[in-house]
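Asks:
There are 2 protein chains.
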Amino acid sequence: MSSPSRPPKIHDVAKRAGVSVATVSRVFSNPDIVSEKSRKAVEKAVLETGYTLNVLGRNLRQSQVGAVLALVPNLANPFFSEILAGISEVLRDAGLNLLVLDTRQVDRSSPTHGLRNYLNRSHADGIIVLDGSLDPALFQSPACPPVVQACEWNEGVPGARVLADNAEGARLAVAHLLALGHRRILHLAGPRQNSLSVSRAEGVAAALSCEGLEPVAVIEGAFTLRSGREAAAAVIAARPTAVFCDNDEMAIGLMAGLAEAGLSVPGDISLVGFDNIEMAAYAPVPLTTVRQRRAVLGQEAARLLLSQRDGDPSETRVLPVELCIRQSARPV
Amino acid sequence: MSSPSRPPKIHDVAKRAGVSVATVSRVFSNPDIVSEKSRKAVEKAVLETGYTLNVLGRNLRQSQVGAVLALVPNLANPFFSEILAGISEVLRDAGLNLLVLDTRQVDRSSPTHGLRNYLNRSHADGIIVLDGSLDPALFQSPACPPVVQACEWNEGVPGARVLADNAEGARLAVAHLLALGHRRILHLAGPRQNSLSVSRAEGVAAALSCEGLEPVAVIEGAFTLRSGREAAAAVIAARPTAVFCDNDEMAIGLMAGLAEAGLSVPGDISLVGFDNIEMAAYAPVPLTTVRQRRAVLGQEAARLLLSQRDGDPSETRVLPVELCIRQSARPV
DNA sequence: ACTGCGAATGTAACCGGTTACATTTACGCT
DNA sequence: AGCGTAAATGTAACCGGTTACATTCGCAGT
Chain Z
151 MSSPSRPPKI HDVAKRAGVS VATVSRVFSN PDIVSEKSRK AVEKAVLETG YTLNVLGRNL
211 RQSQVGAVLA LVPNLANPFF SEILAGISEV LRDAGLNLLV LDTRQVDRSS PTHGLRNYLN
271 RSHADGIIVL DGSLDPALFQ SPACPPVVQA CEWNEGVPGA RVLADNAEGA RLAVAHLLAL
331 GHRRILHLAG PRQNSLSVSR AEGVAAALSC EGLEPVAVIE GAFTLRSGRE AAAAVIAARP
391 TAVFCDNDEM AIGLMAGLAE AGLSVPGDIS LVGFDNIEMA AYAPVPLTTV RQRRAVLGQE
451 AARLLLSQRD GDPSETRVLP VELCIRQSAR PV
Chain P
151 MSSPSRPPKI HDVAKRAGVS VATVSRVFSN PDIVSEKSRK AVEKAVLETG YTLNVLGRNL
211 RQSQVGAVLA LVPNLANPFF SEILAGISEV LRDAGLNLLV LDTRQVDRSS PTHGLRNYLN
271 RSHADGIIVL DGSLDPALFQ SPACPPVVQA CEWNEGVPGA RVLADNAEGA RLAVAHLLAL
331 GHRRILHLAG PRQNSLSVSR AEGVAAALSC EGLEPVAVIE GAFTLRSGRE AAAAVIAARP
391 TAVFCDNDEM AIGLMAGLAE AGLSVPGDIS LVGFDNIEMA AYAPVPLTTV RQRRAVLGQE
451 AARLLLSQRD GDPSETRVLP VELCIRQSAR PV
């Protein structure tokens with residue numbers, strides 16, 4: 151449309167439309183306060199020049215980035231993708247972009263490089279932390295934007311939290327096994343220091359203590375398929391009649407490991423998982439598990455971040471979970 | 151450390167260190183050209199004031215965003231998470247951030263809103279497109295930054311491409327089935343217009359034509375577990391001895407559907423998938439499939455984008471695939 | 001005609017860095 | 001001492017918008 155040389159600036163549009171730059175700016179940010187006549191003139195000039203707003207200029211002046219950073223422990227882990235989708239959805243409606251950073255890929259501790267650089271108002275307008283293993287000191291800086299923790303959490307980190315009712319979910323799962331008559335129940339847990347593992351262990355203990363029981367063993371896994379399979383030998387050695395797994399992937403891995411050892415699920419051992427990933431229904435034996443709505447969790451995290459940014463006090467929101475009964479657990 | 155009022159600016163640091171703002175700036179961007187003495191003074195002043203660089207200012211001046219945008223068809227689909235991880239890794243090493251946008255969540259066509267706003271130099275320094283179904287006209291604007299297509303692609307979109315050797319993968323899979331003696335082979339494909347489906351269909355045809363054969367049927371699915379399961383009835387009706395599925399999820403879904411119908415894999419029907427998702431090895435019957443390295447694909451896409459940004463000509467890179475033999479396919 | 005007032009618009013400072021260019025400094029050499 | 005040159009530093013313009021504040025305009029009321 152115009153000279154092919156350099157991209158048109160707001161100034162060019164203003165000159166062409168016969169108005170000031172302020173008016174052009176207002177047409178973009180607050181069209182209602184400019185007269186019909188000027189507005190039309192500006193819109194025409196925009197079309198003629200092919201002008202597009204340079205967001206960098208606006209962002210600098212308004213001291214905002216227009217993006218929120220999500221810190222995920224492992225971007226390749228499908229568990230997080232649905233949470234991210236929920237986050238993304240809410241952010242988009244608020245006109246914000248989603249930045250994603252894999253905390254594994256980044257130097258977590260260096261005082262001057264690595265993660266610290268990202269935790270800055272000029273990098274993101276807010277941060278959603280899905281990784282409970284980060285140093286809380288990182289978030290103490292006055293330059294750090296508002297923070298919301300989702301899914302996993304860490305006591306030292308300030309700001310709102312949104313999490314599934316992990317203890318209740320584990321309690322439901324184990325209560326289900328107890329109701330089926332199981333007494334020798336094993337807990338295939340996540341990493342010891344992980345906040346999810348801790349609260350799920352509480353739920354397990356709560357359910358078992360009603361009957362005066364304890365787990366026949368607690369085995370530590372890594373939330374992965376492989377670690378589930380590798381736990382099979384140790385599980386068998388403990389001779390449980392049922393296993394509660396801290397997530398579905400370990401449960402499915404364990405299923406494979408038990409099959410290799412010639413044991414059948416649920417014939418020899420009953421299994422309950424956690425998360426209700428889509429694959430749970432398609433496992434060798436459809437998996438009884440605890441559903442947590444990951445998309446909702448992401449949405450809620452984004453909403454909390456937005457309201458925190460607007461000055462609302464930070465709160466902790468606990469999302470309900472429910473038992474999803476399939477075929478991997480049955481009476482002794 | 152300093153006044154709690156407003157965050158320190160580069161000017162404050164300069165005054166404190168007794169140097170000019172230019173020197174401070176140079177300490178950050180090019181420390182080698184400033185004298186030892188000044189450098190120490192600046193570093194000391196930075197610590198004392200708690201100064202942190204405001205990236206917005208720098209970005210505006212340098213007309214760069216410091217981020218690359220990835221356009222994914224469905225963020226909740228775990229297939230993409232590993233690609234994103236690969237992209238993220240390379241970008242991080244180049245000092246760039248990863249922005250993610252779910253193209254489902256966004257108005258694809260509006261001329262003034264939706265996607266178009268994002269395809270702008272002031273939004274991202276480059277774009278990686280993982281969605282082959284976008285209108286190529288979107289990328290024609292002179293304000294659009296460099297584009298790389300990965301995985302799926304669209305002929306009309308300019309720029310480099312990186313893709314797995316889909317045709318070869320499909321050919322390998324079907325040749326494997328032929329070698330096992332299968333003659334009645336069915337193709338459970340992706341959506342008809344999808345670029346992956348198209349090239350995989352070519353590979354299927356290439357392998358079959360060597361024997362003068364054609365698929366006994368082609369069924370269109372949606373790359374999902376559910377669509378695989380739902381295809382079971384139509385599959386059975388066509389009476390194949392083997393099925394090649396365009397991805398692992400449909401294969402696993404189909405496995406479930408066949409089991410419900412009382413058919414065994416590979417006893418009654420052999421199955422081959424595509425992708426080698428982690429779950430493939432843990433399916434009810436470990437799935438023979440075609441491996442494509444998704445992380446590598448993402449890395450390569452990011453590398454191509456970087457070199458394209460540096461002025462290198464855009465090229466198309468085809469990544470090798472390999473057959474991964476497990477237990478879901480066996481001789482007739 | 002004059003005043004008052006709200007709506008519309010314009011001017012110019014400002015956001016916080018980077019960097020071209022000018023200037024100063026340090027130092028070796030005749 | 002005088003000069004030339006390279007290294008180090010400083011000054012101020014610049015990136016491209018937004019917005020506080022001042023100004024002008026339009027119109028109703030007396």
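Protein chains in written order, with this note's numbering: chain Z, 151 to 482; chain P, 151 to 482. We treat Cβ as the ideally placed atom computed from N, Cα and C, and that holds for glycine.
1) Pull up the distance between the alpha-carbon of Ser213(P) and that of Ile237(Z), whole angstroms please.
2) Please report the straight-line C-alpha distance between Val297(P) and Asp243(P), rounded to a whole angstrom.
3) When DSSP labels each residue in this structure, what does Phe394(P) get in the three-state scheme?
4) Which bits of chain P does Ile402(Z) rub up against, with CB to CB less than 9 Å?
5) I'd like to check one pair, Ser478(P) with Ala357(P): are the Cβ atoms closer than 9 Å?
6) Tell me whether His273(Z) sits in a helix, a strand or coil according to DSSP, three-state version.
7) Can you give me, in chain order, the residues of the region 410-426 of chain P that have a beta carbon less than 8 Å from any beta carbon in chain Z?
8) In chain order, what residues of the same chain have a beta carbon less than 7 Å from the beta carbon of Leu269(P), not counting five sequence neighbours either side?
9) Of all the options Arg208(Z), Leu328(Z), Ala323(Z), which has the alpha carbon lying nearest to the alpha carbon of Leu437(Z)?
10) Report the option in Gly378(Z), Glu364(Z), Leu363(Z) whose CA atom is closest to the CA atom of Glu370(Z).
11) At the 9 Å Cβ level, is Gly340(P) part of the contact set with chain Z, yes or no?
12) Using CA coordinates, which residue listed in Ile183(Z), Phe230(Z), Gly412(Z) is at the minimum distance from Arg443(Z)?
13) Looking at the strands, I want to know which residues DSSP matches up with Met468(P).
14) Taking the CB atoms as reference points, tell me whether Leu417(Z) and Asp398(Z) lie closer together than 9 Å.
15) Is the beta carbon of Ser457(P) less than 9 Å from the beta carbon of Asp396(P)?
16) Are Gly282(P) and Gln299(P) closer than 9 Å when you measure CB to CB?
17) Could you confirm whether any beta carbon from chain Z is found closer than 9 Å to the beta carbon of Ser153(P)?
18) Is any beta-carbon of chain P found at less than 9 Å from that of Leu375(Z)?
19) Write down every uninterrupted run of the beta strand (DSSP E) in the region 179-228 of chain Z whose length is 3 residues or greater and which is fully enclosed by it, in chain order.
20) In its own chain, which residues sit with a C-beta less than 8 Å from the C-beta of Asn366(Z), not counting the 5 before and 5 after it?
21) Could you spell out where the alpha helix (DSSP H) holding Ala381(P) opens and where it closes?
22) Between Asp162(P) and the ligand FAD, is the CB less than 8 Å from at least one heavy atom?
23) When the distance is taken between beta carbons, is Leu210(P) closer than 9 Å to Leu210(Z)?
24) Just the chain P side, please: which residues come within less than 9 Å of Asn304(Z) by C-beta, in chain order?
25) Would you say Asp275(P) reaches chain Z, if we count a Cβ-Cβ gap shorter than 9 Å as a contact?
26) Note down, in chain order, every chain Z residue with its Cβ under 7 Å from the Cβ of Leu280(P).
27) Between Ser283(P) and chain Z, is any beta-carbon pair separated by less than 9 Å?
28) Tell me, please, which residues DSSP counts as bridged to Ala367(P).
29) Going by the beta-carbon positions, is the gap between Ile218(Z) and Ala195(Z) smaller than 9 Å?
30) Gly207(Z) touches chain P at which residues, Cβ-Cβ below 9 Å?
31) How many angstroms separate the CA atom of Leu375(P) from the CA atom of Ile427(P)?
32) Does Gln255(P) get closer than 9 Å to chain Z when you measure Cβ to Cβ?
33) Could one say the Cβ of Ala235(Z) lies closer than 9 Å to chain P's Cβ atoms, at least one of them?
34) Mind the definition here: the region 247-256 of chain P touches the region 239-259 of chain Z only if three or more C-beta pairs lie below 8 Å; say whether that holds.
35) Are the CB atoms of Glu380(P) and Gly412(P) within a distance shorter than 9 Å?
36) Would you mind stating whether Glu302(Z) and Pro223(Z) have Cβ atoms separated by less than 9 Å?
Replies: Taking the coordinates as given:
1) In a straight line, the C-alpha of Ser213(P) is about 28 Å away from that of Ile237(Z).
2) Val297(P) and Asp243(P): Cα-Cα distance of roughly 19 Å.
3) Here Phe394(P) sits in strand by DSSP.
4) What Ile402(Z) touches in chain P: Met429, Tyr432.
5) Result no, Cβ atoms of Ala357(P) and Ser478(P) do not sit closer than 9 Å.
6) His273(Z) falls in the coil class under three-state DSSP.
7) Going along the region 410-426 of chain P in chain order, one finds no residue with a Cβ nearer than 8 Å to chain Z.
8) For Leu269(P), where only same-chain residues beyond five positions count, the Cβ hits under 7 Å are Ile277, Leu288, Phe289, Ser291, Cys294.
9) Answer by Cα proximity: Ala323(Z).
10) Selection Gly378(Z), Glu364(Z), Leu363(Z) evaluated against Glu370(Z) yields Gly378(Z) as nearest (Cα-Cα).
11) No, its Cβ sits nowhere closer than 9 Å to a Cβ of chain Z.
12) The option with the nearest alpha carbon to Arg443(Z) is Phe230(Z).
13) Note that residue 468(P) corresponds to Val in the displayed sequence, not to Met. Answer is Leu313(P), bridged to Val468(P).
14) Going by the sequence as given, residue 417(Z) is Gly instead of Leu. No, Cβ-Cβ distance for Gly417(Z) and Asp398(Z) is not below 9 Å.
15) No, these two residues do not count as a Cβ contact at 9 Å.
16) A contact, by the Cβ cut-off of 9 Å.
17) With a pLDDT of only 42 at Ser153(P), under the threshold of 50, the placement of this residue in the model should not be trusted, and no figure is reported.
18) It does: the Cβ of Leu375(Z) has a partner Cβ on chain P nearer than 9 Å.
19) As far as the region 179-228 of chain Z is concerned, its whole beta strand (DSSP E) runs of at least 3 residues are 217-222.
20) The sequence shown places Val at residue 366(Z), rather than the Asn named in the question. Excluding sequence neighbours, Val366(Z) sits near Arg334, Ile335, Leu336, Ala388, Arg389, Pro390.
21) That residue, Ala381(P), is in no alpha helix (DSSP H); it is neither H nor E in DSSP.
22) This structure lacks the ligand FAD, and indeed carries no ligand of any kind.
23) Yes, they are a contact pair.
24) Those within 9 Å of Asn304(Z) in chain P number zero; the least Cβ separation is about 23 Å.
25) Not closer than 9 Å to any Cβ of chain Z, the Cβ of Asp275(P) fails to qualify, so no.
26) Residues of chain Z whose Cβ lies closer than 7 Å to the Cβ of Leu280(P) do not exist, since the nearest Cβ in that chain is about 13 Å away.
27) No, its Cβ sits nowhere closer than 9 Å to a Cβ of chain Z.
28) For Ala367(P), DSSP records a beta bridge to Leu336(P).
29) What sits at residue 218(Z) in the sequence shown is Val, not Ile. Taking 9 Å as the Cβ cut-off, Val218(Z) and Ala195(Z) do not qualify as a contacting pair.
30) Within 9 Å Cβ-Cβ: Leu210, Ser272.
31) One C-alpha to the other measures close to 13 Å.
32) With its beta carbon less than 9 Å from one in chain Z, Gln255(P) belongs to the interface.
33) So, interface residue.
34) Yes: at least three Cβ pairs fall under 8 Å.
35) For the pair Gly412(P) and Glu380(P), the CB atoms are not nearer than the 9 Å cut-off.
36) Their beta carbons are under 9 Å apart, which means Glu302(Z) touches Pro223(Z) by this criterion.
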